[in-house]
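Colleague: Dumping the structure here so I can ask a few things about it.
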Amino acid sequence: MSSYVTRKTPGDTAWFRHDRFGMFIHWGLYSMPARHEWVKNREEISEEHYDLYFKHFNPDLYDPKDWARRAKAAGMKYVVLTTKHHEGFCMFDSKYTDYKCTNTPAGRDLVREYVDAFRAEGLRIGFYYSLIDWHHPDFPIDMLHPRRDDPDAFQQNQGRDIRKYAQYMRDQVTELLTNYGKIDILWFDFSYSQNNGTGDKSWMKGKGKEDWEAEKLIATARKLQPGIIIDNRTELEQDLWTPEQYQPVEWIRHGKTGELVTWEACQTLSGSWGYHRDEQTWKSPEMLIRMLINTVSLGGNLLMNVGPTSRGYLDYRACDALDVYANWMKYNSRSIYGCTMAEPELLPCCPADCRFTQSEDGKRLYVHLLAYPFAHLQLRGLAGKVEYAQFLHDGSELKMTEGKVDHFSEGASKADDLLVINLPPVKPNSIVPVIELFLK
Ligand code: GLC
Numbered sequence: 065m066s067s068y069v070t071r072k073t074p075g076d077t078a079w080f081r082h083d084r085f086g087m088f089i090h091w092g093l094y095s096m097p098a099r100h101e102w103v104k105n106r107e108e109i110s111e112e113h114y115d116l117y118f119k120h121f122n123p124d125l126y127d128p129k130d131w132a133r134r135a136k137a138a139g140m141k142y143v144v145l146t147t148k149h150h151e152g153f154c155m156f157d158s159k160y161t162d163y164k165c166t167n168t169p170a171g172r173d174l175v176r177e178y179v180d181a182f183r184a185e186g187l188r189i190g191f192y193y194s195l196i197d198w199h200h201p202d203f204p205i206d207m208l209h210p211r212r213d214d215p216d217a218f219q220q221n222q223g224r225d226i227r228k229y230a231q232y233m234r235d236q237v238t239e240l241l242t243n244y245g246k247i248d249i250l251w252f253d254f255s256y257s258q259n260n261g262t263g264d265k266s267w268m269k270g271k272g273k274e275d276w277e278a279e280k281l282i283a284t285a286r287k288l289q290p291g292i293i294i295d296n297r298t299e300l301e302q303d304l305w306t307p308e309q310y311q312p313v314e315w316i317r318h319g320k321t322g323e324l325v326t327w328e329a330c331q332t333l334s335g336s337w338g339y340h341r342d343e344q345t346w347k348s349p350e351m352l353i354r355m356l357i358n359t360v361s362l363g364g365n366l367l368m369n370v371g372p373t374s375r376g377y378l379d380y381r382a383c384d385a386l387d388v389y390a391n392w393m394k395y396n397s398r399s400i401y402g403c404t405m406a407e408p409e410l411l412p413c414c415p416a417d418c419r420f421t422q423s424e425d426g427k428r429l430y431v432h433l434l435a436y437p438f439a440h441l442q443l444r445g446l447a448g449k450v451e452y453a454q455f456l457h458d459g460s461e462l463k464m465t466e467g468k469v470d471h472f473s474e475g476a477s478k479a480d481d482l483l484v485i486n487l488p489p490v491k492p493n494s495i496v497p498v499i500e501l502f503l504k
């Protein structure tokens, strides 16, 4: 069994660490300007103009069954959809607001169709819910708010009561966790209590757990869905650590106790979460696969994001990226599901340009070849430990020698603890070939 033990938390995280790979979906009115989901903040778009998106939101090509099929094919085991992002627009039929999809030309509960479709494909269901709300009349204006630079911002802010807003969140979380069956993940986003205004904006306050009444909010969620996984972004530590848009280089640890924690890197296919028509920094197929491998090799999960168009489909670039995962995962998912960081004593055996993962039961070690070596893979420290080796993608045997590279030339590598895997000269047709080692 794996010797790594993660910090105990209230939610049920065992399935999560096994499944490793999920789909994030950022979808809302911001898919219409198609210039990033923060567009209302960045461009300080007026309410009047933003209302045009509400008026014209018509995802006539929304086909969540297609999304779900693609996610499943990509090897994703769970999914998290923005039920409400910072813009405040609700993708579900809430009793507590008119600012919701049922009042747009969309005319139906988009969350409901999402839940049904993904559940039918066997994926676990998550809800992202924004703590920030740039539409709610009781959400106080702050440094992130689109109205922060309005000449009458101070006047607009009079009478806003964050306690009413906190109640609104509890009411909506209650709806979300009551009306859609079993929900596995609740992804709150995010706190910024240090981000206070200065000078003539010093009345603008950042927001955190006190403002959200996070204790009560989380208690509400836990009562309705006891095993649910909740992230840490309310500022109250829960189940999930969420490094965003960077690749950790070691297993994330608890800041105070140093314990290993359950963590999930969230990443985008390009440089935006919401659909961004003109953004060009789409990740290469190699990078997409590597990010998944890197994450699992450090005991983490990857939540990879798609931003559907306002008409409700995944554009060709997103589909291509999902196909990259599908093609690789079809043959290599065994090195991902139920796998984690290799045991500490094996880690030093990992050659340059490789990444290890190891099955939870400890019996199989997976070597991911990020750069394909010529003819031999030399693994110091593994001599005597491997019973059988094969390529994972086609289950074809890889011959091994021990003690030295099998060649007459003087100076060929030699060492008692050396295991050499003999590889075909040409890289197999796989972005990252994987070697499966059955340990003795
Ligand atoms: C950030 C952004 C946001 C995105 C999220 C995903 O906090 O505010 O737009 O939803 O990260 O992790």
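The C-terminal position of the sequence shown is numbered 504 in our numbering, with every residue numbered one higher than the one before it.
Yeah, the Cβ is synthetic: ideal placement off N, Cα and C, and Gly gets one too.
Who are K148's beta bridge partners in DSSP?
Modeller: Your numbering for residue 148 matches position 84 in the sequence shown. DSSP lists C154, Y193 as partners of K148.
Colleague: Cutting at 6 Å between CB atoms, please list the residues of its own chain near L366, excluding the five before and the five after it.
Modeller: On the sequence shown, residue 366 is found 302 positions in, with the first residue counted as 1. Closer than 6 Å at the Cβ level, and outside the excluded window around L366, lie F85, A329, L356, T359.
Colleague: Tell me whether R99 sits in a helix, a strand or coil according to DSSP, three-state version.
Modeller: For the purposes of this step, residue 99 is taken as residue 35 along the sequence shown, with counting starting at 1. In the structure shown, R99 sits in a strand (DSSP, three-state: E or B).
Colleague: Taking the straight line between their C-alpha atoms, what separation do you get for W102 and D253?
Modeller: Mapped onto the sequence shown, residue 102 falls at position 38. Mapped onto the sequence shown, residue 253 falls at position 189. For W102 and D253, the distance between alpha carbons rounds to 13 Å.
Colleague: Flag this pair as yes or no: are the beta carbons of L433 and E500 separated by less than 7 Å?
Modeller: Sequence index remark: in the sequence shown, residue 433 carries index 369 (1-based). Sequence index remark: in the sequence shown, residue 500 carries index 436 (1-based). Their beta carbons are not under 7 Å apart, which means L433 does not touch E500 by this criterion.
Colleague: Using 7 Å as the threshold, is the C-beta distance between V325 and A285 below it?
Modeller: Walking along the sequence shown from the start, residue 325 turns up at place 261. Walking along the sequence shown from the start, residue 285 turns up at place 221. No.
Colleague: I need the DSSP call for N358, collapsed to helix, strand or coil.
Modeller: In the sequence shown, the residue the question calls residue 358 occupies position 294. Three-state DSSP puts N358 in a helix.
Colleague: How is Y256 classed by DSSP in three states: helix, strand or coil?
Modeller: As a first step, residue 256 must be located in the sequence shown, where it is residue number 192. Coil.
Colleague: Within the chosen definition, does the stretch 116–124 reach the stretch 371–383 through at least 3 CB pairs nearer than 8 Å?
Modeller: The stretch 116–124, when compared against the stretch 371–383, does touch it at the 8 Å Cβ threshold.
Colleague: Output needed for H150: all residues of its chain with C-beta closer than 6 Å, excluding positions within five of it in sequence on either side, in chain order.
Modeller: Here residue 150 is taken as the residue at index 86 of the sequence shown, counted from 1. Cβ neighbours of H150 beyond the five flanking positions: S194, I196, W198.
Colleague: By how many angstroms is the C-alpha of E111 removed from the C-alpha of E350?
Modeller: Walking along the sequence shown from the start, residue 350 turns up at place 286. Walking along the sequence shown from the start, residue 111 turns up at place 47. Distance between the alpha carbons of E350 and E111: 42 Å.
Colleague: Measuring only from the beta carbon, is C165 closer than 6 Å to any heavy atom that is part of the ligand GLC?
Modeller: What you label residue 165 is simply residue 101 of the sequence shown in a count that begins at 1. No, Cβ of C165 sits at least 6 Å from all heavy atoms of the ligand GLC.
Colleague: Which stretch, first to last residue, makes up the alpha helix (DSSP H) that contains M393?
Modeller: Residue mapping note: residue 393 aligns to position 329 of the sequence shown, counting from 1. Note, M393: alpha helix (DSSP H), 380–396.
Colleague: Which ranges does the beta strand (DSSP E) cover as unbroken runs of at least 3 residues, wholly within the stretch 282–320, from first to last along the chain?
Modeller: Runs of the beta strand (DSSP E) inside the stretch 282–320: none found.
Colleague: Classify D209: buried if its beta carbon has 16 or more other beta carbons within 10 angstroms, exposed otherwise.
Modeller: Sequence index remark: in the sequence shown, residue 209 carries index 145 (1-based). This sequence places His at residue 209; Asp is not what is there. H209 should be labelled buried.
Colleague: Taking the alpha carbon of W276 as the point to measure from, which residue in L441, S266, K228 has its own alpha carbon closest?
Modeller: Locating residue 276 in the sequence shown gives position 212, counting from the first residue. Residue K228 is the option with its Cα nearest to W276.
Colleague: Might you give, ordered along the chain, the residues of its own chain that have their beta carbon closer than 8 Å to the beta carbon of S494, omitting 5 neighbours on each side?
Modeller: Numbered from its first residue, the sequence shown carries residue 494 at position 430. So the qualifying residues of the chain are W392, Y395, N396, H457.
Colleague: With a CB to CB cut of under 7 Å and the five nearest residues on each side skipped, what residues in its chain are close to E425?
Modeller: Here residue 425 refers to the residue found at position 361 when the sequence shown is read from its first residue. Note on residue identity: the sequence assigns Asp, not Glu, to residue 425. If we look at D425 and ignore the five residues flanking it on each side, its Cβ neighbours are M65.
Colleague: In terms of residue numbering, what span does the beta strand (DSSP E) encompassing F472 cover?
Modeller: As a position in the sequence shown, residue 472 is number 408, starting the count at 1. Segment: none, F472 is in no beta strand (DSSP E) and carries neither H nor E.
Colleague: Using 7 Å as the threshold, is the C-beta distance between D303 and I316 below it?
Modeller: Translated into positions along the sequence shown, residue 303 becomes position 239. Translated into positions along the sequence shown, residue 316 becomes position 252. In this structure, I316 does not lie closer than 7 Å to D303 by Cβ.
Colleague: Less than 6 Å separating the Cβ of D180 from some heavy atom of the ligand GLC?
Modeller: As a working mapping, residue 180 is identified with position 116 in the sequence shown. Not under cutoff, so the answer is no.
Colleague: Using a beta-carbon distance below 7 Å, is D197 in contact with chain C?
Modeller: No chain C appears in the structure shown, which is made up of a single protein chain.
Colleague: Taking Cβ positions, are K468 and K478 nearer each other than 7 Å?
Modeller: For the purposes of this step, residue 468 is identified with residue 404 of the sequence shown, where counting begins at 1. For the purposes of this step, residue 478 is identified with residue 414 of the sequence shown, where counting begins at 1. In this structure, K478 lies closer than 7 Å to K468 by Cβ.
Colleague: Between L281, V144, D384, which has its C-alpha nearest L187's C-alpha?
Modeller: Your numbering for residue 187 matches position 123 in the sequence shown. Cα-wise, what sits closest to L187 is V144.
Colleague: What residues in its chain sit with their C-beta under 6 Å from that of T332, if we drop five residues either side in the sequence?
Modeller: Looking up residue 332 in the sequence shown gives position 268. Within the same chain, T332 has close Cβ partners N369.
Colleague: By the three-class DSSP mapping on this structure, what secondary structure does L324 have?
Modeller: Working through the sequence shown from its first residue, we reach residue 324 at position 260. The answer is strand: DSSP assigns L324 an E or B state.
Colleague: Report yes or no: do the stretch 475–491 and the stretch 435–449 share at least 3 C-beta pairs separated by less than 8 Å?
Modeller: Yes, the stretch 475–491 touches the stretch 435–449.
Colleague: Evaluate G272 with the Cβ neighbour count: other Cβ atoms within 10 Å of its Cβ, from every protein chain shown; 16 or more gives buried, anything less gives exposed.
Modeller: Stepping through the sequence shown from its first residue, residue 272 is reached at position 208. By the neighbour-count rule (16 or more Cβ atoms within 10 Å), G272 is buried.
Colleague: Going by C-alpha to C-alpha distance, which of A184, S158, E185 sits closest to D173?
Modeller: Counted from its first residue, the sequence shown places residue 173 at position 109. It is S158.
Colleague: Quick one: what's got a C-beta closer than 7 Å to L362's C-beta in the same chain, skipping five residues either side?
Modeller: As a first step, residue 362 is located in the sequence shown; it is residue number 298 there, counting from the start. Excluding residues within five positions, the ones whose Cβ falls inside 7 Å are P312, E314, W315, M405.
Colleague: Alpha helix (DSSP H) containing I226: first to last residue?
Modeller: Along the sequence shown, read from residue 1 onward, the residue named residue 226 stands at position 162. First-last of the alpha helix (DSSP H) with I226: 226–242.
Colleague: Taking a contact to mean a Cβ-Cβ separation below 7 Å, would you say T161 touches Y192 in this structure?
Modeller: Within the sequence shown, numbered from 1, the residue matching residue 161 stands at position 97. Within the sequence shown, numbered from 1, the residue matching residue 192 stands at position 128. No, Cβ-Cβ distance for T161 and Y192 is not below 7 Å.
Colleague: My guess is that P415 and L446 are in contact by the Cβ rule of under 8 Å, so how many angstroms apart are they, rounded?
Modeller: Position 351 of the sequence shown holds residue 415. Position 382 of the sequence shown holds residue 446. The pair is not a contact, with the Cβ atoms about 10 Å apart (cut-off 8 Å).
Colleague: What did DSSP end up calling Q222 once you bin it into helix, strand or coil?
Modeller: For this step, residue 222 is matched to residue 158 along the sequence shown. Coil at Q222, not helix or strand.
Colleague: Looking at the unbroken beta strand (DSSP E) that takes in L367, where does it start and where does it end?
Modeller: Counted from its first residue, the sequence shown places residue 367 at position 303. Element bounds for L367: 365–370.
Colleague: So who's on the other strand from E461, going by DSSP bridges?
Modeller: The residue given as residue 461 occupies position 397 in the sequence shown. DSSP lists Q454 as partners of E461.
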